[in-house]
Amino acid sequence: MPADATTEPGSFRDRDSRVVVADDDVLRVLSERGAEDWHALAGSPLLERLIAEGKLVGTEEVDASAAGPAAGVVEGGAAAVLRHERVPFVSYPYEWPFGMLRDAALLQLDLELSALDAGLTLKDATPYNVQFRGSEPVFIDVGSFERLREDEPWAGYRQFCMLNLYPLLLQAYRDVPFQPWLRGSLDGISPREAAGLFSLRDRLRRGIFTHVALHARLERRYEEREGGEVKRDLKKARFKPELIKANVQRLRKLVARLSWKAGDTAWTGYRAQNTYSDADDAAKADFVRAAAAERPGGLAWDMGCNDGAYSRIAAEQADTVVAFDSDHPTVEALYRSLREQCDQRILPLVVNLADPSPGLGWRGRERRPLEDRGRPDLVLALALVHHVSITANVPLAEFLDWLHGLGARVVIEFPKREDPMVRRLLSGKREGSNADYDLAVFERDLEDRFTVDRREELPSGMRVLYLVRPAG
Amino acid sequence: MDLFAYLDPGSGSMLLQMLLGGIAGIAVSIKMFGKRVFGALAFWKKDEEKAEPEGPAGKAEAEDDQTERVKETV
Numbered sequence: 002m003p004a005d006a007t008t009e010p011g012s013f014r015d016r017d018s019r020v021v022v023a024d025d026d027v028l029r030v031l032s033e034r035g036a037e038d039w040h041a042l043a044g045s046p047l048l049e050r051l052i053a054e055g056k057l058v059g060t061e062e063v064d065a066s067a068a069g070p071a072a073g074v075v076e077g078g079a080a081a082v083l084r085h086e087r088v089p090f091v092s093y094p095y096e097w098p099f100g101m102l103r104d105a106a107l108l109q110l111d112l113e114l115s116a117l118d119a120g121l122t123l124k125d126a127t128p129y130n131v132q133f134r135g136s137e138p139v140f141i142d143v144g145s146f147e148r149l150r151e152d153e154p155w156a157g158y159r160q161f162c163m164l165n166l167y168p169l170l171l172q173a174y175r176d177v178p179f180q181p182w183l184r185g186s187l188d189g190i191s192p193r194e195a196a197g198l199f200s201l202r203d204r205l206r207r208g209i210f211t212h213v214a215l216h217a218r219l220e221r222r223y224e225e226r227e228g229g230e231v232k233r234d235l236k237k238a239r240f241k242p243e244l245i246k247a248n249v250q251r252l253r254k255l256v257a258r259l260s261w262k263a264g265d266t267a268w269t270g271y272r273a274q275n276t277y278s279d280a281d282d283a284a285k286a287d288f289v290r291a292a293a294a295e296r297p298g299g300l301a302w303d304m305g306c307n308d309g310a311y312s313r314i315a316a317e318q319a320d321t322v323v324a325f326d327s328d329h330p331t332v333e334a335l336y337r338s339l340r341e342q343c344d345q346r347i348l349p350l351v352v353n354l355a356d357p358s359p360g361l362g363w364r365g366r367e368r369r370p371l372e373d374r375g376r377p378d379l380v381l382a383l384a385l386v387h388h389v390s391i392t393a394n395v396p397l398a399e400f401l402d403w404l405h406g407l408g409a410r411v412v413i414e415f416p417k418r419e420d421p422m423v424r425r426l427l428s429g430k431r432e433g434s435n436a437d438y439d440l441a442v443f444e445r446d447l448e449d450r451f452t453v454d455r456r457e458e459l460p461s462g463m464r465v466l467y468l469v470r471p472a473g
Numbered sequence: 007m008d009l010f011a012y013l014d015p016g017s018g019s020m021l022l023q024m025l026l027g028g029i030a031g032i033a034v035s036i037k038m039f040g041k042r043v044f045g046a047l048a049f050w051k052k053d054e055e056k057a058e059p060e061g062p063a064g065k066a067e068a069e070d071d072q073t074e075r076v077k078e079t080v
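Protein chains in written order, with our numbering: chain A, 2 to 473; chain B, 7 to 80.
What follows is the structure, encoded as structure tokens:
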């Protein structure tokens, strides 16, 4: 075990299973009880099948001594240690478009159904247990599988509603973006809060009456009753796993039918309607392709990815491309198209660069800031800088400072003040505002921080592309 | 009771799962709630109702619920 092994700060809630990260290894340290559950899973045909189908993260048991000094992170010391395959880039539900949260929810329900058939269950139901390899969801919390207690309801049901179902219903039925809700509370939306968000008319819509209204009502009514007492009563009344199965099947049907008709925003039809000429597009594609080909492999970020055209070009060379855009419908459309192609390289995320994901949860470390989850080797900042500078009012020099801090090679595009889109963004502002948005100022600030390896003016004469690397 | 479960399943959420369990759930629901439902309806059995630990509180809650329901329909 390398000396710099660190306990993953997001895995403390389950005392029987903790994740330790060391160099290239992701290890899961299991307590005695956690190990018993793991052996129940490993002894069933489920484990191999789920890993082969790509639904469960690659996992193998290694010698318990592999935990080294980290063995003490679980009570009684490490009874078993697992090694997991690494996920290319960690993302969180408050960065996902609707379709990703829906597919993560479906994966959890499918796993719960498979688990029930094998005499197992999932002890929780949080979308944080799901990560994406490109557009493919994969369940990462092997420690969530435990042996089924025949007379107990599913402990994860309430959490499933709070972190999966309610956010999806909010988006599908009310067209309210769920990301700010999930970013605002790592526990999600409680049944009572959800009940307050839907109208009486919504109660007629699938899922609202039972999973929201009735749920909130029962919760209020039985607030004072101890969980243990309810469990005993259910046991006496002969609660059986068939009830969990019936409920999970209903949930699955409900979630699978949810859809969000993302309204056409300014950006979804961007490529068809934008002001670029085909010659500009072609020159830009060649420029990006050449830059990516210089250093194949690694991680690329495509900031302001829109329909992902340049993410796809970068993915010809990079191992993983994280494609950000702040426009939810655009990212949703990109995800759907990537999913159709079973893409495993491009990870589409809803991220506003002027307000990126911060550290959240216990000590602000349970969920990590965007930049702490893997530094890029190549950054694409195409048709972006005018939005950051003019729309979000971030001073250009500060934006370049931040870019420089990423330590990556950057392909950056500067649309001149005469560019139609820039003029549009400036048209609502006062005369002379955003004075720093100027080609000469930009080039001076850029050269202060980076070495410019290539500069190319696009055929329209409105935009300039640069390939730069951090100076010094 | 499972002393080790790290996640609180929620009392109301557990009961809801029973109600949503389809046909199999009905039988369990009747076993769980049946007695209480009949107890609440059987107003002539005052002594037995008092003997139930949740009797008076349950009744008060039931009344609260009714008023709430009326408010909602209004």
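Beta carbons are placed, not taken as given, at the ideal position from N, Cα and C, and that holds for glycine.
Treat the numbers as computed from the prediction; the structure is a model and nothing was measured.
Straight-line Cα distance separating A/I245 from B/V43:
Residue placement at B/V43 is flagged as unreliable, the pLDDT there being 49, under the threshold of 50; the coordinate-derived value follows with that caveat. For the pair B/V43 and A/I245, the Cα-to-Cα distance works out to about 24 angstroms.
Element boundaries [beta strand (DSSP E), containing A/W403]:
Taken as a continuous stretch (DSSP letters only), A/W403 belongs to no beta strand (DSSP E), being part of the alpha helix (DSSP H) at 397-406.
Would you list, in chain order, the members of the segment 224-243 of chain A that have their beta-carbon closer than 9 angstroms to a beta-carbon of chain B?
Taking 9 angstroms as the cut-off between beta carbons, the residues of the segment 224-243 of chain A near chain B are E224, E225, R226, E227, G228, G229, E230, V231, K232, R233, D234, L235, K237, A238, R239, F240, K241, E243, in sequence order.
A/D287 versus A/N130, A/G228, A/L459, residue with shortest Cα-Cα distance
Sorting A/N130, A/G228, A/L459 by C-alpha distance to the C-alpha of A/D287 places A/L459 at the top.
Quick one: what does DSSP say A/V213 is sitting in, helix, strand or coil?
Helix, per DSSP.
Check each candidate in A/S358, A/Y467, A/R374, A/D449 and name the one with the smallest Cα separation from A/E457.
Taking only the C-alpha atoms, the option nearest A/E457 is A/Y467.
Closest residue to A/E9 among A/E49, A/E54, A/A65, A/V75 (Cα-Cα distance)
For A/E9, the closest C-alpha among the options A/E49, A/E54, A/A65, A/V75 is that of A/V75.
Pair within 8 angstroms by beta-carbon distance, A/P370 and A/G360
Against a cut-off of 8 angstroms, the Cβ pair of A/G360 and A/P370 comes out as a contact.
Below 8 angstroms on the Cβ atoms is my guess for A/V352 versus A/H387; work out the distance and round it to an integer in Å.
Not a contact, Cβ separation roughly 18 angstroms.
Sequence-distant residues of its chain with Cβ nearer than 7 angstroms to A/E419 (five each side left out):
Within the same chain, A/E419 has close Cβ partners M463.
Could you tell me whether the segment 136-156 of chain A touches the segment 48-59 of chain A, using the rule of 3 or more Cβ pairs below 8 angstroms?
Between the segment 136-156 of chain A and the segment 48-59 of chain A, the count of Cβ pairs shorter than 8 angstroms is three or higher; the stretches touch.
List the whole-angstrom C-beta distance separating A/V389 from A/L407, where the pair is believed to meet the contact cut-off of C-beta under 8 angstroms.
Contact between A/V389 and A/L407 is absent: CB atoms are separated by about 14 angstroms, not below the 8 angstroms threshold.
State the start and end residues of the unbroken beta strand (DSSP E) segment that holds A/D454.
For A/D454, the enclosing beta strand (DSSP E) has its first and last residue at 451-458.
Continuous alpha helix (DSSP H) stretch holding A/S186: start and end
Unbroken run through A/S186: none, as it is neither H nor E.
The beta strand (DSSP E) that contains A/D26, what's its start and end?
Here the beta strand (DSSP E) through A/D26 covers 26-31.
By the three-class DSSP mapping on this structure, what secondary structure does A/L112 have?
In the structure shown, A/L112 adopts helical secondary structure according to DSSP, grouped into three states.
Just how far apart, CA to CA, sit A/L205 and A/Q160?
In a straight line, the C-alpha of A/L205 is about 23 angstroms away from that of A/Q160.
Output yes if chain D places a C-beta closer than 8 angstroms to the C-beta of A/T127; else output no.
Going by chain labels, chain D is absent from the structure shown, which instead holds the protein chains A and B.
What residue does the beta strand (DSSP E) around A/Y467 start on, and which one ends it?
Annotation for A/Y467: the continuous beta strand (DSSP E) segment containing it runs 464-471.
Between A/V91 and the rest of its own chain, which residues show a CB-CB distance below 6 angstroms, the 5 nearest in sequence each way excluded?
Answer for A/V91: R374, listed in chain order.
Using a 10 Å radius around the Cβ and a threshold of 16 neighbouring Cβ atoms, would you call A/T331 buried or exposed?
Looking at its Cβ environment, which holds 16 or more other Cβ atoms inside 10 Å, A/T331 is buried.
Which two residues bound the contiguous beta strand (DSSP E) that contains A/D413?
According to the sequence provided, residue 413 of chain A is Ile. The question's Asp does not apply to it. First-last of the beta strand (DSSP E) with A/I413: 410-416.
Exposed unless 16 or more other CB atoms sit within 10 angstroms - verdict on A/D176:
With fewer than 16 Cβ atoms within 10 Å of its Cβ, A/D176 is classed as exposed.
If you count every other CB in all the chains shown that lies within 10 Å of the CB of A/D25, and 16 or more means buried, which is it?
By the neighbour-count rule (16 or more Cβ atoms within 10 Å), A/D25 is not buried but exposed.
Could you tell me if A/T127 is buried or exposed, where buried requires 16 or more neighbouring beta carbons within 10 angstroms of its beta carbon?
Of the residues assessed, A/T127 falls on the buried side of the cut-off, its CB having 16 or more other CB atoms within 10 angstroms.
Measure the alpha-carbon distance for A/G144 versus A/R150 and round it to whole angstroms.
Just so you know, the alpha carbons of A/G144 and A/R150 end up roughly 16 angstroms apart.
Whose C-beta lies closer than 6 angstroms to the C-beta of A/W302 among residues of the same chain, with five residues either side of it excluded?
Within the same chain, A/W302 has close Cβ partners V323, P377, V380.
A/V22 lies in the beta strand (DSSP E); which residues open and close that run?
Run containing A/V22: 18-23, per the beta strand (DSSP E) assignment.
Kindly give me the distance between the Cβ atoms of A/S45 and A/A119, rounded to whole angstroms, as I take these residues to be in contact under 8 angstroms.
A/S45 to A/A119, Cβ: 4 angstroms. Contact.
Give every residue of the same chain whose Cβ lies closer than 6 angstroms to the Cβ of A/G298, excluding the five residues on either side of it in the sequence, and list them in chain order.
The beta carbon of A/G298 sits closer than 6 angstroms to those of D320, all from its chain and outside the five residues before and after it, given in chain order.
Where A/Y311 and A/R221 are concerned, what is the direct C-alpha to C-alpha distance, given to the nearest angstrom?
For A/Y311 and A/R221, the distance between alpha carbons rounds to 51 angstroms.
If you measure from the beta carbon of A/P168 to each beta carbon in chain B, is any gap under 8 angstroms?
The beta carbon of A/P168 sits no closer than 8 angstroms to any beta carbon of chain B.
So which of A/G197, A/L401, A/A105, A/R366 has the shortest CA-CA distance to A/H442?
Per the sequence presented here, residue 442 of chain A reads as Val, with His not at that position. Measuring from the Cα of A/V442, the nearest candidate turns out to be A/L401.
Is A/F325 helix, strand or coil by DSSP?
It is a strand residue.
If you draw a straight line from the C-alpha of A/R455 to the C-alpha of A/V22, how long is it?
As the crow flies, the alpha-carbon of A/R455 is around 39 angstroms from that of A/V22.
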